[in-house]
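Visitor: Terminal number for the sequence shown in this note's numbering: 637, no gaps in between. Would you mind keeping the following structure in view while I ask a few things?
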Amino acid sequence: MPPGGGGGGGEHGSTVRRGDDDAPSDSTPPLPAIAPVASEDAKKKQRVEEQQAAPSLPEGAIVEILSRLPYRSLCRFKCVSKPWLALCSAPDIRKRSPQTLSGFFYHDEGDALSFCNLNGRGPPLVDPSLPFLRRTYRQISVRQVCAGLLLCSCSNSSRDQSYWNWDSSRDESCYVVCNPATEEWTVLPPVGYPDGDPIPFLGFDAAVPSRFVVFAPRPNTFSVGSAQVAIYSSETGRWTHLQSGWSPDPTIIHSRYTQAFLNGTIHLRSIGHKIATVDAEGKVWRVITMPGDSSKICDVGQSQGRLYAWKIDNSHDCQLYIWVLEDYGTGKWTLQHTINVLELFGRNQREDGDSYAMFAVHPDCNMIFLTDDKNMTLSYDIDNRKVTVICTEGMKGLPYTPCFAELPSAGH
């Protein structure tokens, strides 16, 4: 700025130059006024006035906007204020909120139930201790997770009820289907098999939240000569016992990770490299041969309305193979992806004793989840080839998608 810039005499914001013979002014410009420091009470009052004066959306528009947000966003907004807490907890908003995969239930080394968020950060989205059930039952063991519902075995016995040690014949136990998001549950009636209760499989689709089903193949079917399946429907509140329509009768593998529920049909892995399927009404029965080498174990899951199967060759180069079922009638599978698992874990070679597993596929996009069973669990976005470490432990999780619809036949 030139000497003397900013002197008076001109228009506001202009610069006035004076000649060398101009005498300097004797007047001293006044000091700028110092605004008094506002007290904390005054600041709070000003903020309240600003909030009151600010234009607000109609209540109906706010509800419409919030109902389109995923549950995790609603949880964050609850922390804004008490009015936001009440608004984001409103059942009407939660029921309409679109949901996607939020995380995984998994069992630690002591078989205690834990929960890991999908991004691997923050406190668990839901309380894995299921406190709403523990007010009624002493022992709770989660058998299956299907979308937003859990199938549990519950009792008040002090006996060990871990997944592999539980025996329903030793004490008074029951099966319970619960929704951890709404804290509702339904107690199932006894299956009624004379030779003991089976390990059942849960079927639930959040797109049709008015019903869930439970499939219970009869145990020890080799002793009775023909397979039987009991199907529980929440619509009727009872079990229907059916003679198997599978040919030949499969021997179902009982595990937390060996079933998929898709298009109203349960898909169960069985011995002999087969998948046994039956619909919720017990009308359509199929036995589908799994893809690939029958000497390698495959797992199944569902994504984007299609059935997937996969396996990892841990004995050689740790290649992951992923197929999709193209045709139910012919049992035709198509190999979709071949992935080098060692590269995903940033390793050059497989060490002795190392074992890798893919335990889930994202239900809404091309993302898979893998673990080394020791100290790393990660996700892999197939489309953009992005690897994300979820946690620094070996975790085989059960995918969980929150559902806020009222649980059918909720009674407790």
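Note that CB positions come from ideal geometry on N, CA and C, so glycine has one too. Treat the numbers as computed from the prediction; the structure is a model and nothing was measured.
With distances taken from CA atoms, which of D552, I513 and I564 is nearest L639?
Guide: In the structure as shown, the chain starts at 226 and stops at 637, and residue 639 therefore has no counterpart that could be examined.
Visitor: Mind checking which residues open and close the alpha helix (DSSP H) that includes A432?
Guide: Residue numbering aside, residue 432 sits at position 207 when the sequence shown is read from its first letter. A432 -> no alpha helix (DSSP H), and no H or E assigned at all.
Visitor: As a quick exercise: from V566, M515, S580 and N539, pick the residue whose alpha carbon is nearest that of L550.
Guide: What you label residue 550 is simply residue 325 of the sequence shown in a count that begins at 1. Selected option, being the one with the closest Cα: M515.
Visitor: Quick check: what's the CA-CA separation for G497 versus L291?
Guide: As a first step, residue 497 is located in the sequence shown; it is residue number 272 there, counting from the start. As a first step, residue 291 is located in the sequence shown; it is residue number 66 there, counting from the start. If you take the alpha carbons of G497 and L291, they lie about 49 Å apart.
Visitor: Answer with buried or exposed for N600, where buried requires no fewer than 16 other C-beta atoms within 10 angstroms of its C-beta.
Guide: Working through the sequence shown from its first residue, we reach residue 600 at position 375. Label assigned to N600: exposed.
Visitor: Is it buried or exposed, S604, if we count other Cβ atoms within 10 angstroms and call 16 or more buried?
Guide: One-based indexing of the sequence shown puts residue 604 at position 379. It is buried - the Cβ of S604 has at least 16 other Cβ atoms within 10 Å.
Visitor: Please classify V351 as buried or exposed, where buried requires at least 16 other C-beta atoms within 10 Å of its C-beta.
Guide: Along the sequence shown, read from residue 1 onward, the residue named residue 351 stands at position 126. Counting Cβ neighbours within 10 Å, V351 comes out buried, since at least 16 surround it.
Visitor: According to DSSP, which residues form a beta bridge with K611?
Guide: On the sequence shown, residue 611 is found 386 positions in, with the first residue counted as 1. For K611, which the question treats as bridged, DSSP gives the partners D606.
Visitor: Could you say if the region 374-381 and the region 423-430 meet the contact criterion of at least three C-beta pairs nearer than 8 Å?
Guide: The region 374-381, when compared against the region 423-430, does touch it at the 8 Å Cβ threshold.
Visitor: Taking the beta carbon of H332 as the centre, do at least 16 other beta carbons fall within 10 Å, making it buried, or is it exposed?
Guide: By one-based count along the sequence shown, residue 332 stands at place 107. So H332 counts as buried.
Visitor: In the DSSP assignment, what residue or residues form a beta bridge with N565?
Guide: The residue given as residue 565 occupies position 340 in the sequence shown. Looking at the DSSP assignment, N565 forms a beta bridge with Q544.
Visitor: Determine whether the beta carbon atoms of L567 and G507 lie at a separation below 7 Å.
Guide: What you label residue 567 is simply residue 342 of the sequence shown in a count that begins at 1. What you label residue 507 is simply residue 282 of the sequence shown in a count that begins at 1. It is not a contact, given that the beta carbons lie outside the stated cut-off.
Visitor: Would you call the CB atoms of S205 and V438 closer than 7 Å?
Guide: Given a span of 226 to 637 for the chain in the structure shown, any question on residue 205 remains unanswerable.
Visitor: Starting from the Cα of L326, find the closest Cα among N344, E397 and L310 and give me that residue.
Guide: Here the question's residue 326 lines up with position 101 in the sequence shown. Looking at the Cα atoms, N344 is the closest of the given residues.
Visitor: Looking at D606 and Y581, is the spacing between their C-beta atoms short of 7 Å?
Guide: On the sequence shown, residue 581 is found 356 positions in, with the first residue counted as 1. On the sequence shown, residue 606 is found 381 positions in, with the first residue counted as 1. Going by C-beta atoms, Y581 is not nearer than 7 Å to D606.
Visitor: Identify the residues that DSSP records as bridge partners of G556: which are they?
Guide: Along the sequence shown, one-based indexing puts residue 556 at 331. DSSP lists no partner for G556.
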